[in-house]
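With positions in the sequence shown counted from 1, the corresponding number in the numbering used here is that position plus 486.
I have placed the structure first, in the form of structure tokens, so that the comments after it can refer back to it.
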Amino acid sequence: MLDPLTIERMRACDGPVLVALSGGGDSVALLHLLLAAFGAAHLRVGVVDHALRDGSAEDARRALGFAAALGVQGEVLTLHWPNGPKAAQLAARAARYAALCAYARTQRATVIATAHSADDQAETVFMRAGAGSSWRGLAGIAPFAAAPLWPEGRELYVARPLLGARREELRAYLCDRGADWIDDPANTNPRFERVRVRARLAALATAGLDPMRFVAMAGRLRAHVDALDRDAAALIARAATLDIGVSIVRAAWRGPALVRQRALAVLMAAAAGAAREAPLSQMADLELRVMGPDFQGSTHGGVLFQAHPKVVTLGRDPGAVLGRADGAQPAPALPLPANQTVIWDGRIALTARAPGWRAVPDRNTALLSLEQAGRRAPLDAAAGDVAWRSLTAERVRHAFAAAVNAPQPL
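Rendered as structure tokens:
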């Protein structure tokens, strides 16, 4: 039931595999299958307690017990909601992945395995179609991709080796093994969209429409998404220089329109430290304008574009960091605890070698300077006390992780 190509990519990653275990049938089956493929010593378990319903803590402890009985080490990761559970519903997915990413780092794991099944894929595609998603969205869930957060998910990957398995197959597998699992009441609560979609797909199946057709469609579109991303990555490799900002050589910026648009969207996200790339639907006019011969420079999406005779540069929009008259607030000062890596503005990783340092916005080319005990130093001048690196290239790799066979520097 495990997809061999996804398992191959998982084996190529450093450290143990972190299994996202809810205690439900799909994730328990994933744990058993990965145990056979990797062995207990190469697995860790993260059980996220969303703390959104009564009994969730007990279920989380029980799920962790499933792993312990198999000899797999793990931990319950409890989420906290200072503004209450209603405000938490939309944030639960991001908080779940943030907790898993943080725990993965403590375990030196670089890949997080989740138990998304073929049924989850069908539901996802159906929901996205109903929301008017683009063809990229209809490609559904990728079997292997970067962790869906930035910068929390940098250099971490999510593997979904069960996308070809049906939910009923996984439960039959557990029954054959005499394994137990937990039925989450949320999975039958019609208040949640996915539960309603599940019922609609069941009705369509009864009427003769196999939900696996959505999975097949997603697979075909995924091949096109990956091909586009590989071409966009190749364009960036030959036409762009990645530093704190981005420099694009005009003469080398050649290729099909969609490839250029996707490449520019990724470069913009890297230059701005953004969590998501702009959709292709927003890129056609912008790409033609900023790479055109008459372009003089502008700001867009948190990026400052500057035109030069042979290159176009992308840097951080100063107003996004320093504040603007339209109400954009300046970036706050960021404390730098000693010997801890801190990410500033999604673009720069900083590690102070001594206490008392903080990163502050400044009107220099990097839009960042460092302060300690009342003295201020430019980023480069403080290099002896604060180690730093640009995350621009890492952000580009993050965007293309699903399509590139093995994560490599561009």
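Positions of the beta carbon are idealized from the N, C-alpha and C atoms, including for glycine.
Pair every Cβ in the region 512 to 531 with every Cβ in the region 651 to 668, then say whether three or more of these pairs are closer than 8 Å. yes
Close-in-space but distant-in-sequence residues of the same chain around glutamate 494 (CB under 7 Å, 5 per side omitted): none
How would you call tryptophan 621, buried or exposed, if buried means at least 16 neighbouring beta carbons within 10 angstroms? exposed
May I have a chain-ordered list of the beta strand (DSSP E) segments no shorter than 3 residues that lie completely inside the region 618 to 698? DSSP runs (the beta strand (DSSP E)) wholly in the region 618 to 698: 630 to 632 and 643 to 645.
Uninterrupted beta strand (DSSP E) stretches inside the region 505 to 542 (no shorter than 3 residues): 529 to 535
Give the straight-line distance between the Cα atoms of proline 893 and proline 823, rounded to the nearest whole angstrom. Low confidence applies to proline 893: its pLDDT is 38, below 50, so where it sits in the model is not reliable enough to give any reading.
According to DSSP, is proline 821 part of a helix, a strand, or is it coil? Here proline 821 sits in strand by DSSP.
Coarse secondary structure for serine 767, derived from DSSP in three states: In this structure, serine 767 counts as helix in the three-state DSSP scheme.
Buried or exposed: proline 895, going by 16 or more other Cβ atoms within 10 Å of its Cβ? Caution applies to proline 895, whose pLDDT of 34 falls short of 50 and renders its modelled position unreliable; the model cannot decide the point.
Helix, strand or coil: which one does DSSP assign to glycine 560? For glycine 560, the three-state secondary structure derived from DSSP is strand.
With distances taken Cα to Cα, identify the nearest neighbour of alanine 873 among Ser855, Gly705 and Ala838. Ala838
The beta strand (DSSP E) that contains histidine 786, what's its start and end? Where histidine 786 is concerned, the enclosing beta strand (DSSP E) stretches over 784 to 786.
My understanding is that leucine 790 touches aspartate 771, with C-beta atoms under 8 Å, so please give their C-beta distance in whole angstroms. Wrong, their Cβ atoms sit about 18 Å apart, outside the cutoff.
Chain-order list of residues whose beta-carbon lies under 6 Å from that of glycine 616 (same chain, five-residue window excluded): none
When you compare the region 526 to 540 with the region 498 to 510, are there three or more beta-carbon pairs, one atom per stretch, that lie closer than 8 Å? Counting Cβ pairs under 8 Å, three or more are found: they touch.
Strictly under 8 Å for the Cβ-Cβ distance: is alanine 738 near chain B by that measure? As a matter of chain content, chain B is missing from the structure shown, which is built from one protein chain.
Is threonine 596 helix, strand or coil by DSSP? coil
Bridge partners - arginine 861, DSSP secondary structure assignment: Residue pairing of arginine 861 in beta bridges, as defined by DSSP: Gln858.
Excluding five sequence neighbours on each side, which residues of the same chain lie with their C-beta closer than 8 Å to the C-beta of threonine 596? Cys499, Asp500, Gly501, Ala590, Glu641, Leu642 and Tyr643
Shortest alpha-carbon distance to leucine 660 belongs to which of Asp512, Phe886 and Glu679? Asp512
I need the DSSP call for alanine 760, collapsed to helix, strand or coil. coil
So what does DSSP say about glutamine 607, is it helix, strand or coil? In this structure, glutamine 607 counts as helix in the three-state DSSP scheme.
Given this structure, state the Cα-to-Cα distance separating valine 828 from alanine 817, to the nearest angstrom. 15 Å
To the nearest angstrom, report how far apart alanine 868 and arginine 883 are at their CA atoms. 28 Å
Which residues in the same chain as tryptophan 830 place their Cβ atom closer than 7 Å to its Cβ, once the five residues preceding and following it in sequence are excluded? Leu820, Leu836, Ala845 and Leu854
In this structure, how does DSSP classify leucine 488 when only helix, strand and coil are distinguished? coil
Using the Cβ count rule (16 or more neighbours within 10 Å means buried), how would you classify valine 711? The residue is buried, with at least 16 neighbouring Cβ atoms inside 10 Å.
Could you pull the start and end residues of the beta strand (DSSP E) that valine 882 belongs to? Boundaries for valine 882: no beta strand (DSSP E) harbours it, while the alpha helix (DSSP H) harbouring it runs 878 to 886, taken from the DSSP string.
With DSSP collapsed to three states, give me the class of isoleucine 834. strand
Own chain partners of valine 732 with C-beta closer than 6 Å, once the 5 adjacent residues on each side are dropped: Counting only Cβ-Cβ distances below 6 Å, and skipping sequence neighbours, we find Ala726, Leu753, Ala757 and Leu800.
Nearest CA to the CA of aspartate 780: which residue from His786, Gln768, Val798 and Leu690? Val798
Cβ neighbour criterion (16 or more within 10 Å) applied to valine 611: Counting of Cβ neighbours within 10 angstroms places valine 611 among the buried residues, the total reaching 16 or more.
Under the three-state DSSP convention, the category proline 895 falls into: At proline 895 the pLDDT is 34, less than 50, meaning the model places this residue with poor confidence; the figure from the coordinates comes in the next sentence. Here proline 895 sits in coil by DSSP.
Closer than 8 Å is the cut-off here; do at least three beta carbon pairs connect the region 715 to 729 with the region 737 to 751? Short answer: they touch.
Just mark leucine 774 as buried or exposed, buried being the case when its beta carbon has 16 or more other beta carbons within 10 Å. exposed
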